[in-house]
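Report on the following structure.
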Amino acid sequence: MAAPLIVRTKEDMAADVQEVTVLLHDFTFRNPADLLAGLTKRDGSMPHDMGMPGMDMSGMNMSSGHDMSMGSTPGSMQMDLNDVDYDAYLANDRTLEDPEVVTVERKGKVRLRLINGATSTGFNLDLGRLVGQLIAVDGNPVKAVTGNQFGVTMGQRLDILIELPESGAFPVLAQREGDAVRAGIILATLGSKVQKVSSTASAKSAALNLALRMLQAIEPLASRAPDITHKITLTGSMRPYMWSINGLTWENHLPLKVSEGQRVVVEMVNQTMMAHPMHLHGHHFQVIGIDGRPMNGAVRDTVLVPPMMAVSVAFDAKNPGRWPLHCHNLLHMATGMMTEVVYDQYA
Ligand SMILES: [Cu+2]
Numbered sequence: 004m005a006a007p008l009i010v011r012t013k014e015d016m017a018a019d020v021q022e023v024t025v026l027l028h029d030f031t032f033r034n035p036a037d038l039l040a041g042l043t044k045r046d047g048s049m050p051h052d053m054g055m056p057g058m059d060m061s062g063m064n065m066s067s068g069h070d071m072s073m074g075s076t077p078g079s080m081q082m083d084l085n086d087v088d089y090d091a092y093l094a095n096d097r098t099l100e101d102p103e104v105v106t107v108e109r110k111g112k113v114r115l116r117l118i119n120g121a122t123s124t125g126f127n128l129d130l131g132r133l134v135g136q137l138i139a140v141d142g143n144p145v146k147a148v149t150g151n152q153f154g155v156t157m158g159q160r161l162d163i164l165i166e167l168p169e170s171g172a173f174p175v176l177a178q179r180e181g182d183a184v185r186a187g188i189i190l191a192t193l194g195s196k197v198q199k200v201s202s203t204a205s206a207k208s209a210a211l212n213l214a215l216r217m218l219q220a221i222e223p224l225a226s227r228a229p230d231i232t233h234k235i236t237l238t239g240s241m242r243p244y245m246w247s248i249n250g251l252t253w254e255n256h257l258p259l260k261v262s263e264g265q266r267v268v269v270e271m272v273n274q275t276m277m278a279h280p281m282h283l284h285g286h287h288f289q290v291i292g293i294d295g296r297p298m299n300g301a302v303r304d305t306v307l308v309p310p311m312m313a314v315s316v317a318f319d320a321k322n323p324g325r326w327p328l329h330c331h332n333l334l335h336m337a338t339g340m341m342t343e344v345v346y347d348q349y350a
C-alpha cells in the first residue's frame, strides 16, 4: 500500500499553480512472497525444471540489461538492472491503456509532484513537448534544473514546475529504466483531442545511475566538520539473490551509532553490480561526495548509489531514535539490505 502525503508551505497554498500528483507503481498479479521466493531460491546451478509449481519463471529477469555495459569500466563488466518484470507499470493506479487525463488551463502553471512508489523499478520521466523546472527533490528545494527528462529511483520524489505553452494534450510519461515499457498521465486543456499513447516506447531508456548528480540544495547544511564518519559497504548479488550491508543482512546488522548534536557523515560504497537507492528515515541528508569528489549536492532522503561507486551523505543528528537506513528496492530490503542509525540513548 502507498499513498501520497503532501506538506504544503504557505507559499504553495497561495501560488497560482495547479498541483498534479503522480504516484508511480510496479504491479504484479503474483503473490509478492512467491515472487521474492522465486528470486531467492534460484542460484547459479538451478536446473530449468526447478521452477516453483504454479509460478511463471519466465517473468523473472535473471540479469537483464546486458546491453547496458558500464562503458568506462575495463573488462566490460555489466551491471544488473530490474530484478523483476512486473505485469504492469502504473501512474495513479492506471496503465496507459486507460490513463488519467488531468484537465489543465491553457498557458497555465502546473506543479507536478511525482512520487516513485514502485517496489523495484526506477523510471525515466519524459515530459515530451513540455519543458519543466525541477525545483525540489524528496520535499527539499533545489536550484532549478530545466529539462524534459528526469530520473527518479525508488522512494524518490520530484517536484517539477511546468508552464503549459498552449492548448493541447501533453503526455507525462515514466519509462522503466533500461527498458521501453512505460506508464503515464495526460495533461489536457479543455476540449483538446487526447490521443492514445502506447505503453511501449520506441527505444529503451538508459539506466538511471548518476542522473541528477548536478543537483544543488537551496538550503544546504551549515558548513561544519563531521563529528563521526560511518563507512558502509553495499554488498550482495543477483545469484544467489541476497543483499546486505557490510556483508551482514538485517538479522545480523551492526547499527550506526550517533549522538544527538553530531554532524554525521555516512559514506556508502557500492561493491555490487547493481545500483541501490539508499533511504534514511527520520532525517534529510545532503549529498556531499561522489567517489571521493566533494560536492555541495541536494538535500534529500533517498540517493541512488550506482554500481561500484561511492556516495557520501551528511546529516545533523537532531531527531533521537532508531532509524532504518535501507535500500529502497524493497526486494533488496526484504533479503537484508538494511541497517539502522541509532542514537546512543536508544542503543
Ligand atoms: Cu538495493
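Residue numbers (the numbering used here): 4 to 350. Every residue, glycine too, gets a C-beta built ideally from N, C-alpha and C. Here the structure is a predicted model, which is why all the values come from computation and not from measurement.
* Asked: Nearest-angstrom Cα distance between ALA313 and PHE126?
  -> By 1-based counting over the sequence shown, the position of residue 313 is 310. By 1-based counting over the sequence shown, the position of residue 126 is 123. Distance between ALA313 and PHE126, taken at the CA atoms: about 22 Å.
* Asked: Can you give the Cα-Cα distance for LYS44 and ARG242, rounded to whole angstroms?
  -> Along the sequence shown, one-based indexing puts residue 44 at 41. Along the sequence shown, one-based indexing puts residue 242 at 239. LYS44 and ARG242: Cα-Cα distance of roughly 9 Å.
* Tell me which same chain residues have a C-beta within less than 6 Å of the C-beta of VAL134, skipping the five on either side of it? -> For this step, residue 134 is matched to residue 131 along the sequence shown. Result list for VAL134: ASN151, in chain order.
* Asked: Should PHE153 be labelled buried (16 or more other beta-carbon atoms within 10 Å of its own) or exposed?
  -> Residue 153 sits at position 150 when you count from the first residue of the sequence shown. It is buried - the Cβ of PHE153 has at least 16 other Cβ atoms within 10 Å.
* Would you check whether ligand 1 has a heavy atom nearer than 7 Å to the C-beta of ASN249? => Residue mapping note: residue 249 aligns to position 246 of the sequence shown, counting from 1. For ASN249, the Cβ stays outside the 7 Å cut-off from all heavy atoms of ligand 1.
* To do: From the DSSP output, in three-state form, read off THR124 for me.
  => Position 121 of the sequence shown, counting from 1, holds the residue named residue 124. The answer is coil: DSSP assigns THR124 none of H, G, I, E or B.
* Asked: Three or more C-beta pairs closer than 8 Å, one from the stretch 215-233 and one from the stretch 21-37: is that the case here?
  -> Taking 8 Å as the limit for Cβ pairs, the verdict is that the stretch 21-37 does not touch the stretch 215-233.
* Where ASP29 sits in the DSSP three-state scheme -> Along the sequence shown, one-based indexing puts residue 29 at 26. DSSP places ASP29 in strand when its eight states are reduced to three.
* To do: Please say whether LEU259 and VAL344 have beta carbons closer to each other than 8 Å?
  => Along the sequence shown, read from residue 1 onward, the residue named residue 344 stands at position 341. Along the sequence shown, read from residue 1 onward, the residue named residue 259 stands at position 256. Taking a C-beta distance under 8 Å as the contact criterion, VAL344 and LEU259 qualify as a contact pair.
* Asked: Given that a residue counts as buried once 16 or more other Cβ atoms are within 10 Å of its Cβ, and exposed if not, what is ASP29?
  -> As a first step, residue 29 must be located in the sequence shown, where it is residue number 26. ASP29 should be labelled buried.
* Tell me whether HIS256 counts as near ligand 1, meaning its Cβ is closer than 7 Å to at least one heavy atom of that ligand. => As a working mapping, residue 256 is identified with position 253 in the sequence shown. Distances taken from the Cβ of HIS256 to the heavy atoms of ligand 1 include none shorter than 7 Å.
* To do: Identify every run of the beta strand (DSSP E) within the stretch 173-261, keeping only runs that are complete inside it and at least 3 residues long; order them along the chain.
  => Taken in chain order, the complete beta strand (DSSP E) segments of 3 residues or longer contained in the stretch 173-261 are 185-192, 231-240, 245-248, 259-261.
* Thinking C-beta only, is VAL308 closer than 8 Å to GLN289? -> Residue 289 sits at position 286 when you count from the first residue of the sequence shown. Residue 308 sits at position 305 when you count from the first residue of the sequence shown. Not closer than 8 Å, so no.
* May I ask you to check if the CB of TRP2 is nearer than 7 Å to at least one heavy atom of ligand 1? => For the chain, the structure presents residues 4 to 350; residue 2 sits outside this window and is missing.
* Around the C-beta of MET16, are 16 or more other C-beta atoms found within 10 angstroms, so that it is buried, or is it exposed? -> Looking up residue 16 in the sequence shown gives position 13. Flag for MET16 reads exposed.
* To do: Output the distance between the C-alpha atoms of GLU263 and ASN255, rounded to the nearest integer angstrom.
  => Within the sequence shown, residue 263 is the residue found at index 260, counting from 1. Within the sequence shown, residue 255 is the residue found at index 252, counting from 1. Rounded to the nearest whole angstrom, the C-alpha separation of GLU263 and ASN255 is 25 Å.
* For ASP162, write down the residues that DSSP places opposite it in a beta bridge. => Here residue 162 refers to the residue found at position 159 of the sequence shown. Paired residue(s): ARG116, ALA139.
* Asked: If we ignore side chains and look at the alpha-carbon of each, how far apart do LYS110 and ILE165 end up?
  -> By 1-based counting over the sequence shown, the position of residue 110 is 107. By 1-based counting over the sequence shown, the position of residue 165 is 162. Each residue's alpha carbon lies about 10 Å from the other.
* Continuous alpha helix (DSSP H) stretch holding THR305: start and end -> As a first step, residue 305 must be located in the sequence shown, where it is residue number 302. No alpha helix (DSSP H) holds THR305; the beta strand (DSSP E) holding it covers 305-308.
* Asked: Assuming LYS190 and VAL200 make a contact with CB atoms under 8 Å, what is their CB distance in whole Å?
  -> For the purposes of this step, residue 190 is identified with residue 187 of the sequence shown, where counting begins at 1. For the purposes of this step, residue 200 is identified with residue 197 of the sequence shown, where counting begins at 1. It is worth fixing the name first, because residue 190 is Leu in this sequence and not Lys. Contact between LEU190 and VAL200 is ruled out by a C-beta separation of about 12 Å, above the 8 Å threshold.
* Exposed or buried, which one is ASP347 when buried takes at least 16 other CB atoms within 10 Å? -> For the purposes of this step, residue 347 is taken as the residue at position 344 of the sequence shown. By the neighbour-count criterion, in which 16 or more other beta carbons inside 10 Å mark a residue as buried, ASP347 falls on the exposed side.
* Whole-angstrom distance between ILE163 and THR12, CA atom to CA atom -> Within the sequence shown, numbered from 1, the residue matching residue 12 stands at position 9. Within the sequence shown, numbered from 1, the residue matching residue 163 stands at position 160. Rounded to the nearest angstrom, the two C-alpha atoms are 16 Å apart.
* Asked: Any heavy atom of ligand 1 closer than 7 Å to the CB of HIS282?
  -> Taking the first residue of the sequence shown as position 1, residue 282 is located at position 279. No; taking the cut-off as 7 Å, the Cβ of HIS282 has no heavy atom of ligand 1 nearer than that.
* To do: Give the range of the beta strand (DSSP E) segment to which ALA36 is assigned.
  => Counting from one through the sequence shown, the residue named residue 36 turns up at place 33. Annotation for ALA36: no beta strand (DSSP E) segment contains it, though the alpha helix (DSSP H) segment containing it runs 35-43.
* Give a single yes or no on whether MET277 has its beta carbon closer than 7 Å to a heavy atom of ligand 1. => Translated into positions along the sequence shown, residue 277 becomes position 274. Yes, Cβ of MET277 sits closer than 7 Å to a heavy atom of ligand 1.
* To do: Examine the Cβ distances between the stretch 176-183 and the stretch 111-126 and report whether three or more of them are shorter than 8 Å.
  => The answer is yes - the stretch 111-126 touches the stretch 176-183, with three or more Cβ pairs under 8 Å.
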